[in-house]
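**Q** Below is one structure. I have some questions about it.
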Amino acid sequence: LTFDPAFSRSEDYELWCRAGKVAALDNIPRVLLHFRVHDRSVTRTATADMEVQTLEILRRQLGSLGLQPSDDELRFHRDVGHGKRVHSTDDLERVERWLSALVKTNREKPVFDVQGLEKVASMIWFRVCFNSANLGMRGFSRCGRSVLSRAYRPPVPEGLRYFLGIGYHMVRGKGAGIE
Numbered sequence: 250l251t252f253d254p255a256f257s258r259s260e261d262y263e264l265w266c267r268a269g270k271v272a273a274l275d276n277i278p279r280v281l282l283h284f285r286v287h288d289r290s291v292t293r294t295a296t297a298d299m300e301v302q303t304l305e306i307l308r309r310q311l312g313s314l315g316l317q318p319s320d321d322e323l324r325f326h327r328d329v330g331h332g333k334r335v336h337s338t339d340d341l342e343r344v345e346r347w348l349s350a351l352v353k354t355n356r357e358k359p360v361f362d363v364q365g366l367e368k369v370a371s372m373i374w375f376r377v378c379f380n381s382a383n384l385g386m387r388g389f390s391r392c393g394r395s396v397l398s399r400a401y402r403p404p405v406p407e408g409l410r411y412f413l414g415i416g417y418h419m420v421r422g423k424g425a426g427i428e
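My numbering puts the sequence shown at residues 250 to 428.
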């Protein structure tokens, strides 16, 4: 495997995606590499090019599942993958439907390790819920009831931070309370 020069702004991500097709990949709980962040980095100077290339990589990944996402769905998929905060329970429901559809599609036609994708979807679901503590107890309840919450249980401190975040938003009057 070598870097694909067509993805000069996202070459590492593209290489990892291809590597995952021919080898088992996993995270390890140890830092193996440090890198500098500076004003001249590609992330800061070529953001638009990186975005185009990243969306193309995501399009390929979803295409391998037989999905043909629209440009809006592709951007939504990227935002969900980044754990981006949502602002309504309707948005949270959309995230749940999207992740559930990915898991179901992969179960029916396994392209990615089935249990691995279920765990990743569950972790992403938690991250979106965590970052959407502004939805209060309605969001918390929705997150906990979801089938997506089964494959990943956050460490206790992270779960407590989520619950405290909900409390913070409720006290500030910006989160949905118990109904």
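The C-beta atom is built at its ideal place from N, Cα and C for all residues, glycine as well.
Given a cut-off of 8 Å, decide if phenylalanine 375 and isoleucine 415 are closer than it, judged by their beta-carbon atoms.
**A** no
**Q** Could you round the C-beta distance between valine 396 and valine 344 to whole angstroms and report it? I think they count as a contact, below 8 Å.
**A** With 8 Å as the limit, valine 396 and valine 344 do not qualify as a contact, their Cβ atoms being about 13 Å apart.
**Q** Using 10 angstroms around the beta-carbon of glycine 385, count the other beta-carbons present and answer buried if the total reaches 16, otherwise exposed.
**A** Buried, since its Cβ has 16 or more Cβ neighbours within 10 Å.
**Q** Considering only the alpha carbon of each residue, which of Ser257, Arg258, Ala272 and Ser259 lies closest to leucine 250?
**A** Ala272
**Q** Mind listing, in chain order, the continuous alpha helix (DSSP H) runs of no fewer than 4 residues lying wholly within the region 345 to 423?
**A** 363 to 380, 385 to 394 and 405 to 420
**Q** With DSSP collapsed to three states, give me the class of leucine 323.
**A** helix
**Q** Inspect the beta-carbon positions of asparagine 355 and leucine 348 and report whether they are closer than 8 Å.
**A** no
**Q** Let's test the definition: count the other Cβ atoms within 10 Å of the Cβ of histidine 326 and tell me whether it reaches 16, buried, or not, exposed.
**A** For histidine 326, the number of other beta carbons within 10 angstroms of its own is at least 16, and it is reported as buried.
**Q** Mind checking whether glutamine 310 and phenylalanine 256 have CB atoms under 8 Å apart?
**A** The answer is no: Cβ separation not under 8 Å.
**Q** Can you tell me which of the three DSSP states arginine 279 falls into?
**A** Secondary structure at arginine 279: coil, using DSSP grouped into helix, strand and coil.
**Q** Spatial neighbours of valine 286 within its chain, please: C-beta separation below 6 Å, excluding the five flanking residues on both sides.
**A** none
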